[in-house]
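Take the position in the sequence shown, starting the count at 1, then add 456; the result is the number in my numbering.
Each remark here refers to the structure printed beneath this line.
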Amino acid sequence: MFRSPSGIDQNVILTGYIGPGQLPVARGVAERLKMPFVDFAQRFEERADMPAEEMRALYGDSRTKALESELVDEIALFRGTVIHISGQILLHGDHYAALQSTGPVICLVASIDAVLQRLHLALGARYHNPRERSLAIGTLHREWAVRSQPGICEIDTSAMDEPAIIEAVASTWRNLTGVIDWRP
């Protein structure tokens, strides 16, 4: 279990894949805990002036991973922050260890059925395209590879709506860090 004498300074490292709508959940957690929010993908795009996929296509894997490492090193200096980051990024090099040292890593998971249902609601008619579903399942498998890391905390969101997921993450973080909810 993750404990620190200064629990309020601990980050929430949020990863995993529950289907569309994960970014609003991460922002909701930051709002609920009254903490700053950092989205790794957004920060990457701002720094590179392009999405990661485009940078990888133009400059290759090594340059993309170098920028990812630079950003992880920078983000590891943050305290008391909700950090939303891909499980795939966490698995590169020592990224997981660097961020885990700043706070608990919470991986959101959901059953395949729940992910597909959320995907159906988000995609509408595009859901019936096997390629769209295949891409989502591929992303799911890549994101969930981080689940094998030691010390990761999983929250099954299969039967939860967005407010319940936000509350579950906030409650889990408080339990892991020893921070009590002092608000009425």
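Glycine is no exception: its CB is placed at the ideal position from the N, C-alpha and C atoms.
Given the structure is predicted, the values throughout are model-derived calculations rather than measurements.
Quiz prompt | Assigned secondary structure, Phe645 (DSSP; H/G/I helix, E/B strand, else coil) | solution = Examination of residue 645 is not possible in this model, given that the chain is present from 457 through 640 alone.
Quiz item: Between the region 536-551 and the region 478-495, do at least 3 Cβ pairs fall closer than 8 angstroms?
Solution: yes
Exercise. Tell me whether the beta-carbon of Val468 lies closer than 8 angstroms to the beta-carbon of Trp629.
Key: yes
Quiz item: By how many angstroms is the C-alpha of Ala513 removed from the C-alpha of Tyr473?
Solution: 24 angstroms
Quiz item: Is it buried or exposed for His597, if we count other Cβ within 10 angstroms and need 16 for buried?
Solution: exposed
Quiz item: Is the region 557-575 touching the region 597-614 in the sense that three or more CB pairs, one from each, lie closer than 8 angstroms?
Solution: yes
Quiz item: Can you list the alpha helix (DSSP H) stretches of 4 or more residues lying completely in the region 470-551, in chain order?
Solution: 478-489, 496-504, 508-515, 517-531 and 543-546
Quiz item: Terminal residues of the continuous beta strand (DSSP E) containing Ile611?
Solution: Cys609 to Asp612
Quiz item: Got a sec, what are the start and stop residues for the beta strand (DSSP E) Val561 sits in?
Solution: Val561 to Val565
Quiz item: So Ala626 and Val485 are in contact, right, with Cβ under 8 angstroms, and what is the actual spacing, rounded?
Solution: 6 angstroms
Quiz item: Which residues in the same chain as Ala504 place their Cβ atom closer than 7 angstroms to its Cβ, once the five residues preceding and following it in sequence are excluded?
Solution: Met511 and Leu523
Quiz item: For the alpha helix (DSSP H) that Val635 lies in, which residues bound it at each end?
Solution: Neither: Val635 is in no alpha helix (DSSP H) and is coded neither H nor E.
Self-check item: Minimum C-alpha distance to Ile531 - residue among Ala554, Thr613 and Arg589
Solution: Ala554
Quiz prompt | Minimum C-alpha distance to Pro560 - residue among Leu479, Thr633, Arg483 and Gln478 | solution = Thr633
Self-check item: Residue of Pro586, His540, His551 and Pro507 minimising C-alpha distance to Glu526
Solution: His551
Exercise. Give the straight-line distance between the Cα atoms of Leu546 and Pro507, rounded to the nearest whole angstrom.
Key: 18 angstroms
Practice problem: Note down, in chain order, each residue of its chain lying with its Cβ closer than 8 angstroms to the Cβ of Val635, except the 5 sequence neighbours on either side. | Solution: Gly463, Ile464, Gln466 and Trp629
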